[in-house]
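Chains as they are written, first to last, in our numbering: chain A, 1 to 113; chain B, 1001 to 1113.
Below is one structure; the comments refer to it alone.
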Amino acid sequence: AQSVTQLDSQVPVFEEAPVELRCNYSSSVSVYLFWYVQYPNQGLQLLLKYLSGSTLVESINGFEAEFNKSQTSFHLRKPSVHISDTAEYFCAVSQAAGNKLTFGGGTRVLVKP
Amino acid sequence: NAGVTQTPKFQVLKTGQSMTLQCAQDMNHEYMSWYRQDPGMGLRLIHYSVGAGITDQGEVPNGYNVSRSTTEDFPLRLLSAAPSQTSVYFCASKWTAHNSPLHFGNGTRLTVT
C-alpha cells in the first residue's frame, strides 16, 4: 500500500516571496509522483510529474519539484509567487506498475499582496 | 474538446434518497475513476474501471455503486444517501499507460440532509 503526507495544511505567503510545499510518500515499490493544483470551484489540473530520469522536474508556470528517493520526498517550490498562484495543491503517488493514484491531504496556498 | 463532464454541479438530497452522478469523457480513455474530496483528507478513491464491463473498489466504496457499459460513461450511484456522503465528488479519467496523468471533471457538490 502507498500513502502520501503533505506536512502543511495551509501556507500563507506574500506576493513575490518564495514558497515550498512539502510532500512525503511511502511505498514498497517504484512510484510515479505528481503535483496537482485546484483553483477555487474547479477540478484538479496536473502541475508536474516525476516518472524517471532527472530528479528535478519543472512546470510551465515556474514551479519545480525534486524527487528525493532516500528521503521519500517530492517537495514543490516556486521562487516568486503571484496572486494567481492562490489555490490548493495536492501531491499524489501511483505505483509504477499500477493505475490507482493516492493523494495527500492538500496544502492551501494563500498569496497576499 | 469537452474532456471530462460531470452533472449535476450541485445536488441536495434527503437521507435515504437515491441518485446518480453522471460522468462522461470524450478522450477515449480506458481508465475512469470516482473520488470524493473532504476537507483535510485530500481525495479518496471510491471506485474505478479499467475498461467497459470492468469495475473495482477503491478505498471508500461502501454506499456507492458503479457500472461501465460504455467507454465514455461511468455513473456513480448512491442507493440510500446518508449525511456522511456529503462531499464534493470528482470523476477522472486517463489512459491505462501507467505514467499517464488523470484528467478531472469540475466536480459535483452533494449535500445530504
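The beta carbon of each residue, even a glycine, is placed where N, CA and C say it ideally should be.
Check                                                                                                       : Outcome
CA-to-CA distance, residue 1012 of chain B to residue 1054 of chain B, given in whole angstroms             : 30 Å
Beta carbon proximity, residue 53 of chain A to chain B, threshold 7 Å                                      : no
Contact under 7 Å by Cβ, residue 1016 of chain B with residue 1080 of chain B                               : yes
Under 7 Å between C-beta atoms of residue 111 of chain A and residue 85 of chain A                          : yes
Cβ of residue 103 of chain A within 7 Å of any chain B Cβ                                                   : yes
Chain B contact for residue 44 of chain A (CB, 7 Å cutoff)                                                  : yes
Candidates A/39, A/61, A/46, A/34, of which the one nearest residue 78 of chain A by Cα                     : A/61
Cα-Cα separation between residue 35 of chain A and residue 92 of chain A, rounded to whole angstroms        : 6 Å
Between the CA atoms of residue 45 of chain A and residue 202 of chain A - distance to the nearest angstrom : With chain A represented from 1 up to 113, any question about residue 202 of chain A goes unanswered, as that position is not in the structure.
Contact list for the stretch 1021-1046 of chain B against chain A, Cβ threshold 7 Å                         : 1031, 1040, 1041, 1042, 1043, 1045
Residue 52 of chain A versus residue 98 of chain A: straight-line alpha-carbon distance, rounded            : 15 Å
Bridge partners - residue 12 of chain A, DSSP secondary structure assignment                                : A/110
Where residue 1022 of chain B sits in the DSSP three-state scheme                                           : strand
For residue 1054 of chain B: DSSP bridge partner residues                                                   : B/1051
Cα-Cα separation between residue 72 of chain A and residue 25 of chain A, rounded to whole angstroms        : 6 Å
CB contact check: residue 62 of chain A to chain B, cutoff 7 Å                                              : no
Coarse secondary structure for residue 42 of chain A, derived from DSSP in three states                     : coil
Where residue 69 of chain A falls, given that 16 or more other Cβ within 10 Å makes a residue buried        : exposed
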